[in-house]
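Residue numbers (my numbering), protein chains in the order written: chain A, 3 to 495; chain B, 3 to 495.
Everything below concerns the one structure shown next.
There are 2 protein chains.
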Amino acid sequence: MSASLPIDPERQRLVNAALLAILPERCVLSAPEDTRPYECDGLAAYRQLPMLVTLPDTEAQVLAILNLCRELNVPIVPRGAGTGLSGGALPLANGVVISTARMNRIVRMEPLSRVAVVQPGVRNLAISDAAAQHGLYYAPDPSSQIACTIAGNVAENSGGVHCLKYGLTVHNVLRVRVATIDGDIIELGGESLDAPGLDLLAVFIGSEGMLGIVTEVTVKLVPKPEKARVIMASFDDIVTGGNAVARVIGAGIIPAGLEMMDRTSVRMVEPFVKAGYDTDAAAILLCEADGTALEVDEEIARMTEVLSNAGASAIAVSQSEAERLRFWSGRKNAFPAAGRISPDYYCMDGTIPRKRLAQVLTGIAKMEETYGLRCANVFHAGDGNLHPLILFDANKEGEFARAEAFGAAILALCVEVGGTITGEHGVGVEKIGSMCVQFSSAELSAFHAVKRAFDVHGLLNPDKAIPTLNRCAESGKMRVSAGLLRFAHLERF
Amino acid sequence: MSASLPIDPERQRLVNAALLAILPERCVLSAPEDTRPYECDGLAAYRQLPMLVTLPDTEAQVLAILNLCRELNVPIVPRGAGTGLSGGALPLANGVVISTARMNRIVRMEPLSRVAVVQPGVRNLAISDAAAQHGLYYAPDPSSQIACTIAGNVAENSGGVHCLKYGLTVHNVLRVRVATIDGDIIELGGESLDAPGLDLLAVFIGSEGMLGIVTEVTVKLVPKPEKARVIMASFDDIVTGGNAVARVIGAGIIPAGLEMMDRTSVRMVEPFVKAGYDTDAAAILLCEADGTALEVDEEIARMTEVLSNAGASAIAVSQSEAERLRFWSGRKNAFPAAGRISPDYYCMDGTIPRKRLAQVLTGIAKMEETYGLRCANVFHAGDGNLHPLILFDANKEGEFARAEAFGAAILALCVEVGGTITGEHGVGVEKIGSMCVQFSSAELSAFHAVKRAFDVHGLLNPDKAIPTLNRCAESGKMRVSAGLLRFAHLERF
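So, in structure tokens, the structure goes:
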């Protein structure tokens, strides 16, 4: 938990006056009662009151703000809806927040090309709502989809429960229009399968607001599947459940969703949601098929067979759309349910190779004893993206610190088995220390060099996502790369 | 066609001696009879004898060559099998070619994880051959797959006739190990769906050898479909055929392959291959379904219905694997067939939005008159990737120049309708002028900045893929970005 730094009132007056000279009054917030809602994102343990908040209505205003901040050397923190879970939108005491929430217009729907062009502040679900009349939707569905914005999704490369089959944001965004810190507008990507030049679209997606401000996004729309059904399978032990996931994928099936919950999660959720979950099972697996009726029935039959052979102790298949939604309701309400049984929880976001699921779950169970805290495991099993929920009480002396240490240990285990420290929530401020574990100094230097290519001034969301080499060295986590020969030219890269 | 520049013999002796001090003799070629095979790639109109050719056996040797070249300020041209079609591997008179052809070992097959780890010089088809015993294969299938190497595929982000459904190289490569010009080894990407930090893997794939030398590639393997069938549909006019492509995709079908050939191509191929094509049709469409037997039969029925409704004048469906291969044989032999009826041909590679197919084909037909040359259209219709084959005779005064102008006009039309100047063949030296049409100065500056982030010395494949701003300005093609406000800080970016 970080202490909020004080704001320099003179500097605030100066920058505020300069902003008001170029923007309408409604677009600049400076009073603490107005800026307070921006002091944190979904990772509320980290808070900082921003010096100023700007709410541009147009791309021209975004460019004007960027030009002004560059000239006055003011750091910038971009913000969508503030639903992020890694502190990526944590403000700075000497910085300006640029919220794109007001640029929330759907510019164009092209049902025949299956494309929507939207402003950055359009909510994820609003795109699907607008596309519904054409039988289409926008596939990535993060849990926060009712609130989170498309530009925030671009910043974090958001996923969702269907990303195993339909991909992450990077697989569903065709083009972004970006205002650079130098005051240029550049367009990255295009509607073709490939584009000439370097693939800067992919670098931009997931760059956590460090490379530019999104002013427009072109997304791919996909047809709503005719039908969907979900299997709920129970397992008597978590290792068998973890191995069943590998067996489903190994059989050549890509389910529309493949989610797992352990007993702690199931028992946490069931009294609250009444999803009909098997509370005796060590773990349950939700396994969805979508497509035409014929495809769905065939895939459900194949998945049922694979899960039986993999040792499922019970299998139920949704017999109606209402039952399908009920099966999902438990999974989708896991986070609120955690809030119901524990004063606080800390949601982790590591990924691991599928074949390591059983090993990592066993490791986390051991850590519960080490750190004296409970952990509920809810995860996107199909793509190996874990969301361990560490339950703690911030009012109890030392529990937050222990929860943070428990979280870091989980991420270190993820890296150890060949995984990564974040699946879809981003690095932000939360996991910046774990980046030293994940990457070598040469790899971090490559990240910094690309960051400088877009933002030589270092003004866009500074000190997030990529740790400095100094920071890694000081924390004692600096990793030497696996190269056969090593020539460190750190200054130069 | 470019004139070959002379090699400075003194410089050649110096660099040769330095290389022989660190490499075995078999790894360095300097005599013109040995270096001659490296003077061009598949775009044979451009030729240049390299100063020296190196053939490293190991990653350590690659690093040693890079360190030496950096210290002696020698430019480097990386090379796979030399099958590229845009001159990306065209050597330099003062440069060293690094061919990774000898690093051709399959390091590891992991059938359960569906992953193969291979050295850079492994041929595309060799991966699928090695994976076949596990019922798996590597999906991207460029026409040159029997010869081209995986590192070349990475450099060009290669596609193939199945990329509509299975994606390009960028969608099928999980990780690359890269030797940087600074002598570091970095690993980009990973086996998870998403990775923390900037997505440098995507930027690297398709970067045409400008960012580093690939020393190892981890690719995704996919299960061989149980069955495949192909529809051959005839159309009386090309506009109806073009619209039928949009209708198939519009119906929510993603065929495994969706290829179109115009009458010129069909009549060029049929006498040579005897594929059974309809030589009276204005265009034919090949439309493939793959999957389980049930899925294939259902998809073939749906596609047949859509194509009939879209105005197909005749429809045939392959009744056996032999017939399916015969239907494809014409398409796959289009390039050799062009060589049979015309002394020379120039293969273009533009992409366009699918809905513009009919408009662009009509435009190309008009250009045939303007430039006095014939053009056969063969293309990946599903993803709007055109391969117009401009037929000419290099021995006839002015025909090559007219073919080049015809090609540039086709690419300009592609950009005009919202497409791009290359689908899968890369920019290389061939299309570097067209990049000025495609991108604004701010966008080109962003490319250069990222290039510098990896190669501040400018030694890796210089003067390829991304034109300098000066070059664009001199050619009169500099495009001002579409921004509402423009602040050009070209020096700074």
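C-beta atoms are modelled at their ideal positions from N, C-alpha and C, and glycine is treated no differently.
Does the beta-carbon of GLY214 (chain A) have 16 or more other beta-carbons within 10 angstroms, so that it is buried, or is it exposed? buried
Mind checking who ASN387 (chain A) pairs with in its DSSP beta bridge? A:THR353, A:HIS382
Of all the options B:ILE255, B:MET437, B:GLU41, which has the alpha carbon lying nearest to the alpha carbon of THR470 (chain B)?
B:MET437
Checking contacts by CB at 8 angstroms: is ARG49 (chain B) closer than that to chain A? no
I'd like to know if PHE381 (chain B) contacts chain A, where contact means its C-beta is closer than 8 angstroms to some C-beta of that chain. no
What span of residues does the beta strand (DSSP E) with CYS289 (chain A) cover, start to end? 285-293
- Message: To be precise: take each residue of the stretch 141-153 of chain A, compare its Cβ to all Cβ atoms of chain B, and keep it if any distance is under 8 angstroms. Which residues remain?
- Response: none
| task | Starting from ILE233 (chain B), follow its DSSP beta bridges and name the residues at the other end. | result | B:CYS289, B:VAL319
Check: From the beta carbon of GLY485 (chain A), is the nearest beta carbon of chain B less than 8 angstroms away?
Finding: The pLDDT assigned to GLY485 (chain A) is 32, lower than 50, so where the model puts this residue is not dependable; a value taken from the coordinates is nonetheless given after this. True, the Cβ-Cβ gap to chain B drops below 8 angstroms.
Three or more C-beta pairs below 8 angstroms linking the stretch 91-100 of chain A and the stretch 64-83 of chain A: yes
Checklist entry - For PHE441 (chain A), which three-state DSSP category applies? => result coil
* To do: Go through its chain and collect everything with a Cβ distance to PRO464 (chain A)'s Cβ below 6 angstroms, but skip five positions before and after it.
  => PRO77
**Message:** Tell me which residues of the stretch 344-358 of chain A have at least one Cβ-Cβ distance to chain B shorter than 7 angstroms, keeping chain order.
**Reply:** THR353, PRO355, LYS357
**Report entry** The alpha helix (DSSP H) enclosing VAL117 (chain A), as first and last residue numbers
**Finding:** VAL117 (chain A) -> not in any alpha helix (DSSP H); beta strand (DSSP E) instead, spanning 117-120.
Is the CB of CYS165 (chain A) under 8 angstroms away from at least one CB in chain B? yes
Along chain B, which residues have their Cβ under 9 angstroms away from the Cβ of VAL1 (chain A)? Residue 1 (chain A) cannot be examined here, being either before or after the span of chain A that is shown, 3 to 495.
Taking just the CA atoms, how far does ARG304 (chain B) sit from GLY313 (chain B)? 15 angstroms
### Query
Can you check whether the CB of ILE354 (chain B) is closer than 8 angstroms to the CB of VAL419 (chain B)?
yes
Express the C-alpha separation of VAL308 (chain B) and ALA246 (chain B) in angstroms, rounding to a whole number.
-> 8 angstroms
* Locate the beta strand (DSSP E) running through GLU261 (chain A), then write down its first and last residues. => 259-264
Rounded C-alpha distance that separates ARG72 (chain A) from GLN14 (chain A):
16 angstroms
(Q) If distances are taken between C-alpha atoms only, which option among B:ALA283, B:GLU112, B:ARG179 comes closest to THR217 (chain B)? (A) B:ARG179
Nearest by alpha-carbon distance to LEU260 (chain A): which of A:ILE152, A:ILE187, A:CYS165 is it?
A:CYS165
Is it buried or exposed, THR372 (chain A), if we count other Cβ atoms within 10 angstroms and call 16 or more buried?
exposed
Could you check the C-alpha separation between VAL156 (chain B) and SER209 (chain B) for me, to the nearest Å?
-> 8 angstroms
- Three-state secondary structure (DSSP) of ASP143 (chain A): coil
- Would you please verify whether the beta carbon of PHE337 (chain B) is less than 8 angstroms from any beta carbon of chain A? no
Residues of its chain near ASP10 (chain B), where Cβ-Cβ distance is below 7 angstroms and the 5 sequence neighbours each way are ignored
ASN96
- Query: For THR2 (chain A) and chain B, any beta-carbon pair shorter than 8 angstroms?
  - Reply: Within the shown structure, residues of chain A are numbered from 3 to 495, placing residue 2 (chain A) beyond reach of any answer.
- [ ] Pick helix, strand or coil for VAL482 (chain B), following the three-state DSSP scheme.
- [x] Reliability fails at VAL482 (chain B), whose pLDDT of 49 lies under 50, so the model's placement of it is uncertain and the value that follows must be treated cautiously. Looking at VAL482 (chain B) - three-state DSSP - the assignment turns out to be coil, as it is neither helix nor strand.
Can you pull the DSSP bridge partners for GLU513 (chain B)?
Given that chain B is displayed from residue 3 to residue 495, the structure contains no residue 513 (chain B) and the question cannot be resolved.
Extract the residue ranges of the beta strand (DSSP E) inside the stretch 168-193 of chain B, only unbroken runs of 3 or more that lie entirely within it.
175-181, 187-191
| Whole-number beta carbon distance between LEU413 (chain A) and GLY352 (chain A), since they are thought to touch under 8 angstroms | 5 angstroms
Q | Chain-ordered chain B contacts of ASN159 (chain A) [CB-CB under 9 angstroms] | A | ASP196, ASP201
key: Near-chain B residues of the stretch 405-434 of chain A - C-beta to any C-beta below 9 angstroms   = GLY420, GLY421, THR422, ILE423, THR424, GLY425, GLU426, GLY428, VAL429, LYS433
| request: Using a cut-off of 9 angstroms between C-beta atoms, extract the partners of ASP292 (chain B) located in chain A. | output: The contacting residues do not exist; ASP292 (chain B) stays about 12 angstroms from chain A at best.
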